[in-house]
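Heads up: the structure comes next, in C-alpha cells.
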Amino acid sequence: MTARLRLGLAGSSGRMGAHVRALAVESFSDTIEFVGGVSRATNVSELAPLCAQIDVLVDFSAAKQMSIIARACADGGCALVSGTTGLGEEEMQELSVASRLVPILHAANFSIGVHIVARALAEIAPLLKEKADIEILEKHHRSKADAPSGTALFLGGVIAYALGTSLQDSAVWPCLPYKDTPRAQDTIHFSSQRGGDVVGTHRIDFFCPEEVVTLEHQALDRRVFARGALQAALWIRARAPKMYTMEDVLS
Ligand code: NAD
Numbered sequence: 048m049t050a051r052l053r054l055g056l057a058g059s060s061g062r063m064g065a066h067v068r069a070l071a072v073e074s075f076s077d078t079i080e081f082v083g084g085v086s087r088a089t090n091v092s093e094l095a096p097l098c099a100q101i102d103v104l105v106d107f108s109a110a111k112q113m114s115i116i117a118r119a120c121a122d123g124g125c126a127l128v129s130g131t132t133g134l135g136e137e138e139m140q141e142l143s144v145a146s147r148l149v150p151i152l153h154a155a156n157f158s159i160g161v162h163i164v165a166r167a168l169a170e171i172a173p174l175l176k177e178k179a180d181i182e183i184l185e186k187h188h189r190s191k192a193d194a195p196s197g198t199a200l201f202l203g204g205v206i207a208y209a210l211g212t213s214l215q216d217s218a219v220w221p222c223l224p225y226k227d228t229p230r231a232q233d234t235i236h237f238s239s240q241r242g243g244d245v246v247g248t249h250r251i252d253f254f255c256p257e258e259v260v261t262l263e264h265q266a267l268d269r270r271v272f273a274r275g276a277l278q279a280a281l282w283i284r285a286r287a288p289k290m291y292t293m294e295d296v297l298s
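This is how it looks when you write it as C-alpha cells:
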C-alpha cells in the first residue's frame, strides 16, 4: 500500500488555505496526511523545516512569497503545487529554476470546469478568427489583489495561442473609455469587476457582425479550487523535476 502523501500548506491563514486544510482533513484523510502550514514566511529558513518533512507543499499565498517558497521547496526536496496568482516574470523564473530540482505545478485555476472552457476556446477561437472582437470579463470578491485575474490571462493566452499570436501582442487593458478611437481589431480586451464575495466568474464573448458567441464559467464555492489542488498534489508526488500544468494532470 502507498504511504499517505505528507502535505504542507503555504498561505494557511487565508481563505484558500482554510479550505485546503479542511478538505485535506475531512475528505482526503485516506490518501493525505496534513503535516502543517505556514501563513507568511519572511525567509527561506522559516519554511525549510516544514519542506524537509513533506512530499508536497500546496501554496495559496501571495506573489511576494513566491521566491521564498520556490527556494524552500528546492532546498527541502518537496514538490510544489502553487495556485498563487499575480506572478510576474521574476517569480515565474524562480519557479522555473526550482523545477530543475523538484516537480512544480503552477495553475491560475484548479477547477476542472475552467480547463474544459479553455479546451473549448482553443477550438472556437480559430473558427471565428476573421470577424470576432474578443472580450474577457472577470468578476471576483472585493479583496482580490490582482487584475486581470490569473484565470482571465490564462484563458486569453489560450485564445491568443489558438489564433497564432501571443498575449503580449494582443492583450489590452484597461479598455475604457473609447473616447476618440474605436475598438482596435485583432485584440483581446480584458475587464474586471470587484465586489462582495464573488468566488470567480469568467465570461468570454466573441462579438461577430451578426451574432455573439459566449462562454462563461462560474465558481460557486472555493472548495472547487482546493479539491483540484489536492488532486494535483496527489498526482505530482511521483513525478520527475519539471514544470507541469493542470493540462498534464487532467490528461
Ligand atoms: P487571502 O488574502 O485570503 O490569503 C492570503 C494568504 O497568504 C494568507 O495566509 C496570508 O497570510 C498569506 N500571505 C503571505 N504573504 C503575504 C503578502 N505579502 N500579502 C498578502 N498575503 C500574504 O487570499 P486567498 O483568497 O486565499 O488567495 C490566495 C492566492 O491564491 C491569491 O493569489 C489568489 O488569487 C489565489 N487563488 C488561486 C486559485 C486557483 O485556483 N489557482 C483560487 C483562488 C485563489
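Going by our numbering, the first residue of the sequence shown is number 48, and it counts up by one from there.
C-beta: ideal position from N, C-alpha, C; glycine also.
Values in this document were obtained by computation on a predicted structure and should not be read as measured data.
| query | Using the C-alpha atoms, what's the distance from V259 back to V82? | reply | For the purposes of this step, residue 82 is taken as residue 35 along the sequence shown, with counting starting at 1. For the purposes of this step, residue 259 is taken as residue 212 along the sequence shown, with counting starting at 1. In this structure, the CA atom of V82 is about 49 Å from the CA atom of V259.
According to DSSP, residues forming a beta bridge with V271: Residue mapping note: residue 271 aligns to position 224 of the sequence shown, counting from 1. Bridge partners of V271: none, in fact.
Check: Exposed or buried, which one is G135 when buried takes at least 16 other CB atoms within 10 Å?
Finding: Your numbering for residue 135 matches position 88 in the sequence shown. G135 counts as exposed, since fewer than 16 other beta carbons sit within 10 angstroms of its beta carbon.
DSSP three-state call for D216: helix, strand or coil? Numbered from its first residue, the sequence shown carries residue 216 at position 169. When DSSP states are grouped into helix, strand and coil, D216 belongs to the helix group.
I'd like to know whether the C-beta atoms of V67 and L56 end up nearer to each other than 7 Å. For the purposes of this step, residue 67 is taken as residue 20 along the sequence shown, with counting starting at 1. For the purposes of this step, residue 56 is taken as residue 9 along the sequence shown, with counting starting at 1. Contact flag set, yes.
Can you tell me where the beta strand (DSSP E) holding A169 begins and where it ends? Taking the sequence shown and counting its residues from 1, one reaches residue 169 at position 122. Under the DSSP assignment, A169 falls outside any beta strand (DSSP E), being part of the alpha helix (DSSP H) whose first and last residues are 159-175.
Note to self: Any heavy atom of the ligand NAD closer than 6 Å to the beta-carbon of R90?
What the structure shows: Residue mapping note: residue 90 aligns to position 43 of the sequence shown, counting from 1. In the sequence on display, residue 90 carries Asn and not Arg. Not under cutoff, so the answer is no.
Which same chain residues, not among the five before or five after L202, have their C-beta less than 8 Å away from its C-beta? Mapped onto the sequence shown, residue 202 falls at position 155. Excluding residues within five positions, the ones whose Cβ falls inside 8 Å are V161, V164, A165, L168, I183, H249, I251.
Open item on the list: Whole angstroms are fine: how far does the CA of L267 sit from the CA of D244?
Closed with: Taking the first residue of the sequence shown as 1, we reach residue 244 at position 197. Taking the first residue of the sequence shown as 1, we reach residue 267 at position 220. One C-alpha to the other measures close to 10 Å.
Is A69 close to chain B? Criterion is C-beta to C-beta, closer than 7 Å. Looking for chain B here will not work: only one protein chain is present.
Assign E138 to one of three DSSP states: helix, strand, or coil. On the sequence shown, position 91 is the one that residue 138 refers to. DSSP places E138 in helix when its eight states are reduced to three.
With a threshold of 8 Å, are at least 3 pairs of Cβ atoms found where one atom belongs to the region 92-108 and the other to the region 216-227? Three or more Cβ pairs closer than 8 Å define a contact, and the region 92-108 falls short of that threshold against the region 216-227.
- Query: Looking only at its own chain, which residues have a Cβ that is under 8 Å from the Cβ of T212, when we skip the five neighbours before and after it?
  - Reply: Residue mapping note: residue 212 aligns to position 165 of the sequence shown, counting from 1. D233.
Margin query: For K289, tell me which candidate among L148, P195, L70, A69 has the shortest Cα-Cα distance.
Written below: In the sequence shown, residue 289 corresponds to position 242, counting from 1. Nearest of L148, P195, L70, A69 to K289, Cα basis: L148.
inquiry  = Can you tell me which residues form a DSSP beta bridge with A126?
reply    = The residue given as residue 126 occupies position 79 in the sequence shown. For A126, which the question treats as bridged, DSSP gives the partners V103.
Close Cβ partners of F254 (< 8 Å) along its chain, the five nearest in sequence each way excluded: Here residue 254 refers to the residue found at position 207 of the sequence shown. A179, D180, I181, E182.
| said: Quick check on DSSP: helix, strand or coil for V259? | reply: Taking the sequence shown and counting its residues from 1, one reaches residue 259 at position 212. For V259, the secondary structure class from DSSP, reduced to helix, strand or coil, is strand.
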